[in-house]
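These notes are about the structure you will find just below.
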Amino acid sequence: MRHVVDTAGSIWLFGYGSLIWLQGFPYREARRAYIRGWERRFWQGSHDHRGVQDDPGRVVTLIEADDAHCHGRAFLVDANVFEQLDQREINGYRREQVEIHFDEDRAMGITYLAPIENFAFLGDAPVDEMVEQINRCSGRSGRNADYVLELARALRALDASDPRVFELESRIIGARNGCKA
Ligand code: SIN
Numbered sequence: 000m001r002h003v004v005d006t007a008g009s010i011w012l013f014g015y016g017s018l019i020w021l022q023g024f025p026y027r028e029a030r031r032a033y034i035r036g037w038e039r040r041f042w043q044g045s046h047d048h049r050g051v052q053d054d055p056g057r058v059v060t061l062i063e064a065d066d067a068h069c070h071g072r073a074f075l076v077d078a079n080v081f082e083q084l085d086q087r088e089i090n091g092y093r094r095e096q097v098e099i100h101f102d103e104d105r106a107m108g109i110t111y112l113a114p115i116e117n118f119a120f121l122g123d124a125p126v127d128e129m130v131e132q133i134n135r136c137s138g139r140s141g142r143n144a145d146y147v148l149e150l151a152r153a154l155r156a157l158d159a160s161d162p163r164v165f166e167l168e169s170r171i172i173g174a175r176n177g178c179k180a
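Shown next as structure tokens:
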């Protein structure tokens, strides 16, 4: 496997949540990618984009897990993009260096993760509670439920699977159609 180092001053950014489908920043190239040793979990509170101060929504973060793979999308960006992204990901996220794997090669890059000690961290909850919270909440970027549906759609478009995301998606759609949440 080739280890890509020459990105001509640009940096790879790995997105595993809203960054997959909603950029709003310039990039030179985008590729399907994954990282190893991390799982995507709906364990982070959102007091801004998908919830409000008194009623935070649930969005994704990365949790370390042996043998796990987290699929997403990597963007080759200029360094100044991170100033903009630091504002967008201000609710508990920090930059973390990760090894990003592509279909053919790999590169070091940056991802935004919300560590368990951050003020907005919610942690695990029974799926019923997560679905209820996600269906209830919305914030300045829209409904929390749409975050889940967009993420599921974007993962399918990448031909990537994440059973947790797909389960939440089907429970949200079920609740919309009048089934038990
Ligand atoms: C990401 O998309 O990579 C970070 C989490 C989010 O903004 O949803």
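When you line the sequence shown up against numbering that gives the first Met the number 0, it's residues 0 to 180, in that order.
Built from N, CA and C at the ideal position, the CB exists for glycine as well.
Query raised in the report: Helix, strand or coil: which one does DSSP assign to Q86?
Result: Here the question's residue 86 lines up with position 87 in the sequence shown. Q86: helix per DSSP, three-state reduction.
Report task. Report the option in G71, D66, Y146 and V126 whose CA atom is closest to the CA atom of R31. Result -> If you number the sequence shown from 1, residue 31 lands on position 32. Out of G71, D66, Y146 and V126, G71 has the C-alpha closest to the C-alpha of R31.
**Report entry** Bridge partners - M107, DSSP secondary structure assignment
**Finding:** Within the sequence shown, residue 107 is the residue found at index 108, counting from 1. According to DSSP, which records beta bridges pairwise, M107 is partnered with E98.
Query - Spatially closest choice to D186 from F81, V126, C136 and I34, by CA coordinates - result: Given a span of 0 to 180 for the chain in the structure shown, any question on residue 186 remains unanswerable.
**Report entry** the segment 141–158 / the segment 10–27 touching (three or more Cβ pairs under 8 Å)
**Finding:** yes
Requested in this report: Could you tell me which of Q132, D161 and S169 sits nearest to A67, measuring between CA atoms?
Outcome: Numbered from its first residue, the sequence shown carries residue 67 at position 68. The shortest Cα separation from A67 among Q132, D161 and S169 belongs to D161.
Query raised in the report: What do you reckon, is the C-beta of L84 under 6 Å from a heavy atom of ligand 1?
Result: Indexing the sequence shown from 1 puts residue 84 at position 85. Outside the cutoff, so no.
Query raised in the report: When the Cα atoms are used, what is the spatial distance from A174 to V80?
Result: Locating residue 174 in the sequence shown gives position 175, counting from the first residue. Locating residue 80 in the sequence shown gives position 81, counting from the first residue. Each residue's Cα considered, the two are about 38 Å apart.
Query raised in the report: When the distance is taken between beta carbons, is G108 closer than 7 Å to W42?
Result: Working through the sequence shown from its first residue, we reach residue 42 at position 43. Working through the sequence shown from its first residue, we reach residue 108 at position 109. Contact flag unset, no.
Query raised in the report: Beta carbon of V76: closer than 6 Å to some heavy atom of ligand 1?
Result: The residue labelled residue 76 in the question sits at position 77 within the sequence shown. Checking the Cβ of V76 against ligand 1 gives no.
Query - Three-state secondary structure assigned by DSSP to S160 - result: Sequence index remark: in the sequence shown, residue 160 carries index 161 (1-based). In this structure, S160 counts as coil in the three-state DSSP scheme.
**Report entry** Runs of alpha helix (DSSP H) lying entirely within the segment 4–44, each at least 4 residues, in chain order
**Finding:** 17–20
**Report entry** Which residues DSSP lists as bridging S137, in chain order
**Finding:** Position 138 of the sequence shown, counted from the first residue, corresponds to residue 137. According to DSSP, S137 bridges with R142.
Query - Beta-bridge partners of H70, as assigned by DSSP - result: For the purposes of this step, residue 70 is taken as residue 71 along the sequence shown, with counting starting at 1. For H70, which the question treats as bridged, DSSP gives the partners Y33.
Requested in this report: Look at the alpha carbon of A190 and the alpha carbon of F120, and state the distance between them as a whole number of angstroms.
Outcome: The structure shown does not extend to residue 190, since the chain is modelled only from 0 to 180, so the question has no answer here.
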